[in-house]
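The next block holds one structure in the form of C-alpha cells; read it before the comments.
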Amino acid sequence: MNLKPETTEKIDKLVPRYPTKRSAALPLCHLVQEDQGYLSNEAIEWIAQRLELEPINIQEIVTFYPMLRTEPTGKYHVRVCRTLPCALAGAYQTCHRLEKELNVEVGHTSEDGLVTLEYVECHADCGRAPVVMVGEEEYTDIDPDKAGELAAKMKSGELSDGMPD
Amino acid sequence: MAHEETRLIMKYADEPGYTNDIDCYLKHGGYEELKKAVTMKPEDICAEVMDSGVRGRGGAGFPAGMKWKFLDRKSGKPIYLVCNADESEPGTFKDRQIIHKDPHQLIEGMMIAAYAIQAKLAFIYIRGEFFQGYRILEKAIEEAREKNFLGDNILDSGYSCDIIVHRGAGAYICGEETGLIESLEGFRANPRIKPPYFPAALGLYQCPTIVNNVETLCDVKHVVAMGGKEFAKIGTPGNTGTRTWCVSGHVMKPGYYEFACADITLGELIYDVCGGLKPGRKLKAVIPGGSSSKILRADERFTGKLKDGTEYDWGIEDIPMDFDSLMAVGSMSGSGGVIVMDDSTDMVEALANINYFYAHESCGQCTPCREGVPWMRKITQRMVDGEAREEDADLLNSIADQIAGRTICAFGEAASWPVQSFIAKFKDEFVEKAREQAARRKEGEKTAKETTLI
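Chains G and R are the protein sequences, given in the same order. With the first letter of the first sequence counted as 1, position 64 gets the number 64 in the numbering used here; the numbers rise by one all the way through. In the numbering used here, each number is its position in the second sequence, counted from 1, plus 1000.
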C-alpha cells in the first residue's frame, strides 16, 4: 500500500510507544484513513499485518467506530450535530438548508463528489449550538442562513475543506 | 442580581490574553504544584485528595480519593493513569474548554495524580471529534516534556512518566471507564463486568488503573495547592469544590459557568446567570446533568430530608446545584450538562431525539440494551411520524424498566432514565398526542410530519 512517507514515519514512531501493539490499532486506523481518505480492505489488511493481528481484528474496529469509514467522502465532509441541545437550537432546519443548497440528501455524497453530508451525535459544544463540522473545522451557532452562506462558499470553492495541510 | 462565579478550574480560561502555551501558563504560576508534589510522599498526596472530598466530575460523582484507595498497589504490575476526555454526554462541553484553553492545567493535574498513584504511563483518551483539542494537547505535552514536567526523571525527582494522547473514533460508550479501557487496548469498546473488572484492580492490560475525568484531574492540582482540608471548605460537606455547569437549550445566554457546589440554585443559574428564557416563553423542563439524567418538570415540588437530616420543600428553581440535592430530587448532577426546555418543546419529540442518540450508541453487547433501546427509539419515532398509540407510553416505560439494572454497564440506565422520567412526568402529553393522531387517522387526514427535533 502506498502511504505517504510522513504517515509511515508517524506510524513507526507511534507503535513502539504503546505497551502492546494492538493498542495502536485505533491510532493507526486514523492515520491511514487521513492518508487514504478511507479504510479500504487493503488498508485494513495492511494495518493488521503491521500490528501482527488478523484482518478481522481491524475489521471489527472499523465497523464499530462511526468515525472510521470504508468509503471515501466528498471534498467537503460536512457533519451536522443532531443531538438534543443542537436540535433545540435548530440543527434539523440547518441540515435541511444544507441539503437544499448543496443538492444532497443527508447521509449521502453529492453526485458531483463535492459534499458528503451526515448527521452525527453530540459534538460537545452544546453552548454554541447548532454545531456543524466541515472536515476538522468546527462552525458554531449555524442557523439556516449561516448554513446557506457555508453552502455557497463550498460551491464556489472559497471554503477550506477543513483538513490539515 | 447575577451571581458571582467561583472560578477555580476556569480561572484563567477566558481571561483576555491568556493563551494555551506553556510560557503563559508558567507566568500564571503553572507547574508550581507539580514541583511541590514531587517533594511530597505519594501517599500524602492521596491523603490530601481523600481529605478534599472531591467527587468525580465525569458523571457518577464517586469520591476520587476513595477510587485511588482501591488501587491494587501490591500486585507488582505496572500502574496506569487514564484521563477520560471522551466528553460525549449530550449537553456537556466543559472538558473541551479546559483542553482548548488551559491544557497545561490538565497535564499538571495528571502528572500530580500519576505521581501520587505511581503510574508507569498515563493516557489521555480524547474523543475523536476533538481534532483541535488533540493537536493542542500534543503541542502542550511536547512543551511540558522539554521543561521536564513529564518524561524521564521529572524535575530530578527520580520519577518518570509519559503521557500518550489517544484518539477515540466517535463512540459514546468509550466514556464508560471499562469500555474506554477496551478501546484503548485496541478492541471494540464493550464494557467489562464489574466485579471483577474494577479498573483499580484489573484495568488497562489487566493492571491496576485509575480512570479520572478531565475536570477531576484539574481539581487534583488545586487540592495540592490549597491542601485537602482547605479545598473541602469550598462547597458544602460531601459536595466539595466547584462545578462547571454547561447550560444549553432555550436560554438567552447558554455557556459554561463555574460555581462552588451548592452555591447557586437551578433557578438562579437559568434566570440570573443565563439571562432567562427566550422572550415570551415559560420554563417547561430541565435535564440537569446531561441527557441521561432524569428530567425535572418546571411545576414539580420536591419535599424530603437530605442526608444530614435537613428537611426541604423546593420548587424546581430552589434546587441547590450540587451532587446530593440533585440526587434528592430524583435526578443527578451527572456530567454537569444542564439542558433547558421552554414551553415550545414537544416532549415526545425531545424523547425521540434522546432515544435516537442512545439507540445509536449502544455497544450491542447486552441483549436488553441492544434490543430494547432501538425498540424504544422505534416507538418514539413512530409517535413523531403520526402513528402514536395510546398504550405507547406504558409500553415505553415497561421496556425501560426491563433494560435498567440488567446490563453490564450503566448505559442501560442512561438510556432508560430519560424514558422513565419523561413518561412519569409528561405522560399526559404522550397520551394526548396518541389521541390526536388517532382522531386524525380516523378522519382520514394525513398526519404531515412537522417535527423540529428529530
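Beta carbons are placed, not taken as given, at the ideal position from N, Cα and C, and that holds for glycine. All of these numbers come straight from a predicted model, not from anything done at the bench.
Subject >> Enclosing alpha helix (DSSP H) for Tyr65/G [first to last residue] >> reply: Run containing Tyr65/G: none; DSSP gives neither H nor E here.
Original post:
Exposed or buried, which one is Ser1291/R when buried takes at least 16 other CB atoms within 10 Å?
Top reply: buried
Original post:
Taking the C-alpha atoms as reference points, what is the distance between Gly1091/R and Glu1361/R?
Top reply: 16 Å
Subject >> Cross-strand partners of Ser1248/R (DSSP beta bridge) >> reply: Ile1339/R
Original post:
Which runs of the beta strand (DSSP E) spanning at least 3 residues fall entirely within the region 1367-1429 of chain R, listed in chain order?
Top reply: none
Original post:
So Met1332/R packs on Gly1289/R, CB below 8 Å; how close in whole Å?
Top reply: Between the beta-carbon of Met1332/R and that of Gly1289/R there is about 5 Å, and that keeps the pair under the 8 Å contact cut.
**OP:** With DSSP as the reference, label Met1050/R as helix, strand or coil.
**Re:** helix
Subject >> Cα-Cα separation between Leu150/G and Tyr92/G, rounded to whole angstroms >> reply: 16 Å
Original post:
Who are the neighbours of Leu150/G on chain R, taking C-beta pairs under 9 Å?
Top reply: Per Cβ cutoff of 9 Å: no residues; Leu150/G is ~18 Å from chain R at best.
**OP:** Compute the distance between the beta-carbons of Asn1114/R and Cys1174/R, then report whether it is under 7 Å.
**Re:** What sits at residue 1114/R in the sequence shown is Ala, not Asn. For Ala1114/R and Cys1174/R, no; Cβs fall outside 7 Å.
Subject >> Ile1164/R at chain G interface by Cβ criterion, 7 Å >> reply: yes
**OP:** Would you verify that the beta carbon of Met1001/R is, or is not, closer than 7 Å to some beta carbon of chain G?
**Re:** Reliability of the predicted coordinates at Met1001/R is poor, the pLDDT of 47 falling under 50, and the value obtained from them is presented with this limitation in mind. Judged by the 7 Å Cβ criterion, Met1001/R is not in contact with chain G.
**OP:** Decide if the region 1268-1283 of chain R is in contact with the region 1246-1260 of chain R; the criterion is three or more beta carbon pairs, one per stretch, under 8 Å apart.
**Re:** yes
**OP:** With distances taken Cα to Cα, identify the nearest neighbour of Met1111/R among Ala1085/R, Leu1081/R and Lys1139/R.
**Re:** The candidate whose alpha carbon is nearest that of Met1111/R is Leu1081/R.
Original post:
Taking 7 Å as the CB-CB cut-off, is Gly37/G touching chain R?
Top reply: no
Subject >> Contacts of Leu1453/R in chain G (Cβ-Cβ under 8 Å) >> reply: Per Cβ cutoff of 8 Å: Leu84, Ala87, Leu88 and Tyr92.
**OP:** Under 7 Å Cβ to Cβ from Arg1007/R, same chain only, skipping five residues before and after it: list those, please.
**Re:** Glu1258
Subject >> chain R contact residues for Arg22/G, given Cβ-Cβ distances below 9 Å >> reply: Glu1185, Gly1186 and Phe1187
**OP:** Consult DSSP for Thr1240/R and reduce its assignment to one of helix, strand or coil.
**Re:** strand
**OP:** On a CA-only basis, which of Arg1435/R, Ser1335/R and Ser1052/R is nearest Gly1235/R? Give me that one, please.
**Re:** Ser1052/R
Subject >> Beta-carbon gap between Leu98/G and Ala147/G smaller than 7 Å >> reply: Yes. Within cutoff.
**OP:** Identify the contact partners of Pro27/G in chain R, using a Cβ-Cβ distance below 7 Å as the criterion.
**Re:** His1166 and Arg1167
**OP:** Round the Cβ separation of Gln1365/R and Ile1408/R to the nearest angstrom and send it over; I've been treating them as touching at under 8 Å.
**Re:** 6 Å
Original post:
Is the distance from the Cβ of Phe1093/R to the Cβ of Cys1246/R below 7 Å?
Top reply: In this structure, Cys1246/R lies closer than 7 Å to Phe1093/R by Cβ.
**OP:** Can you tell me the Cβ-Cβ gap for Leu1150/R and Ile1107/R, rounded? I've got them flagged as a contact below 8 Å.
**Re:** 7 Å
**OP:** Thinking Ala87/G and Asn1084/R are a contact (beta carbons under 8 Å), I'd like their distance in whole angstroms, please.
**Re:** Wrong, their Cβ atoms sit about 26 Å apart, outside the cutoff.
**OP:** Give the single residue among Ala1404/R, Ala1201/R, Glu1043/R and Gly1128/R whose Cα lies nearest to the Cα of Leu1071/R.
**Re:** Ala1201/R
**OP:** Report back the beta-carbon spacing between Tyr76/G and Leu114/G to the nearest angstrom; my notes put them in contact at under 8 Å.
**Re:** 6 Å
**OP:** Taking Met1347/R as part of the alpha helix (DSSP H), name the residues at either end of that continuous run.
**Re:** Annotation: the continuous alpha helix (DSSP H) that includes Met1347/R extends over Met1347 to Glu1361.
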